[in-house]
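Position in the sequence shown (from 1) plus 25 gives the number in our numbering. All residues carry an ideal CB built from backbone N, CA and C; glycine is no exception. Treat the numbers as computed from the prediction; the structure is a model and nothing was measured. Report on the following structure.
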Amino acid sequence: MQWQEMTWSALASLSKDTPIVIPIAATEQHGRHLPVFTDSMLLGEVVRRASDHLGDRVVWTPLLWLGNSHHHLDFAGTLSASPRTYLDILADLLENIITHGFRRLVLLNGHGGNIVPAQQATFEVRQRHRDRDDLLLLATTYWTLGASPAEADPSFGQSKMDHACEWETSMILRLAPHLVGDISGLEPVSSAGRFEPASRAWITRERTREGYLGDPRRASAEKGEILFRLFAADVVTLLERVAVWDGTSWGP
């Protein structure tokens, strides 16, 4: 079910145990070969596929296309909310939905820069409702839910999400190939850092002059279909667990 397609009375009549999913993404540069709406387009397709499977068991709010993308601001086309502002936006959305009585809320993310703000937003909102034991507040990112694309196709060279990379380029080739520029001459850009596993503060131009990380040349529409299928299945599995939660327990 789509939040934006329902009347207020229809929403009010829903079971308050219905999972409410807030898809959050971004509008930012993705190298010279992918559109600035890449993250939002990809998450939108994952949501579409998961929604088709779940039917009326889940409500999806409109996708939030504004993300925390300040690290990309040196590249034209990027639109961003600063980290604290973005965190507050997410927290307010959660509070809005809690005000309407719903108890199972999921921030479903499709942009790396949103991971920390989304986790912090759910944490802060939970602290405001310490007297309740019936709230389930989750923040997750669709490519972190367990999929191993290389097990489905050994030709994948990438083992984790980068930026405008083999994975993202493949998915856009599957979804909107007419929006993909020439990738044949692109050189691989390593995402490895000298100080790993420490987390280093960074801006994108420090790591890549062209705005991408990884090896987009390995992309194909066939790989994109595999990725969409795996990622959507992971989201469905998570939301099915949310739907059957007993309302109080912490563990399995």
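Task: Collapsed DSSP secondary structure at Pro48 in the structure displayed - done: Strand, per DSSP.
Task: Cβ-based neighbour list, Asn93, same chain, cut-off 7 Å, excluding 5 preceding and 5 following - done: Ser105, Ala106, Pro108, Tyr111, Gly138, Asn139 and Pro142
Task: Close beta carbons around Ser209, own chain, < 8 Å, minus the five adjacent residues each side - done: Arg242
Open item on the list: Under 8 Å, with one C-beta from each stretch per pair, do the segment 53-66 and the segment 195-214 reach the 3-pair mark?
Closed with: yes
- [ ] Determine contact between the segment 156-166 and the segment 218-236, defined as no fewer than three beta-carbon pairs at a distance below 8 Å.
- [x] Here the segment 156-166 does not lie against the segment 218-236, with fewer than 3 beta-carbon pairs under 8 Å apart.
Open item on the list: So the candidates are Glu149, His188, Trp85 and Glu193; which of them puts its Cα closest to the Cα of Thr43?
Closed with: Trp85
TODO: Determine the extent of the beta strand (DSSP E) in which Asn139 is found, giving its start and end residues.
DONE: Unbroken run through Asn139: none, as it is neither H nor E.
Task: Where Gln152 falls: helix, strand or coil (DSSP) - done: helix
Task: Backbone CA spacing between Ala116 and Ala164 [nearest angstrom] - done: Per the coordinates, the alpha-carbon of Ala116 lies some 11 Å from the alpha-carbon of Ala164.
Open item on the list: Looking at the secondary structure, which residues open and close the alpha helix (DSSP H) in which Asn121 lies?
Closed with: Pro108 to Thr124
Open item on the list: Contact criterion: CB-CB distance below 8 Å. Does Asp113 meet it with respect to chain D?
Closed with: No chain D is present in this structure, which holds just one protein chain.
- [ ] Give a yes or no on whether the C-beta atoms belonging to Asp64 and Leu170 are separated by under 8 Å.
- [x] Asp64 places its beta carbon 8 Å or farther from that of Leu170.
Open item on the list: I'd like the span of the beta strand (DSSP E) that includes Val131, first residue to last.
Closed with: Arg129 to Asn134 is the span of the beta strand (DSSP E), which, as asked, contains Val131.
Open item on the list: Taking the beta strand (DSSP E) that Leu161 belongs to, which residues open and close that run?
Closed with: Unbroken beta strand (DSSP E) run through Leu161: Leu161 to Thr166.
- [ ] For Leu130, I'd like the list of residues in its chain whose CB is within less than 6 Å of its CB, leaving aside the five on either flank, ordered along the chain.
- [x] Taking C-beta separations shorter than 6 Å and ignoring five residues to either side along the sequence, the partners of Leu130 in its chain run Ile45, Leu119, Ile122 and Leu162, following chain order.
TODO: For the alpha helix (DSSP H) holding Trp227, just list the boundary residues, first then last.
DONE: Unbroken run through Trp227: none, as it is neither H nor E.
TODO: Return the CA-CA distance between Val269 and Ile197, expressed in angstroms with no decimal places.
DONE: 33 Å
TODO: Take the Cβ of Lys248 as the centre, count every other Cβ of all protein chains shown within 10 Å, and call the residue buried at 16 or more, exposed below.
DONE: buried
Task: Contact under 8 Å by Cβ, Glu176 with Gly239 - done: Their beta carbons are not under 8 Å apart, which means Glu176 does not touch Gly239 by this criterion.
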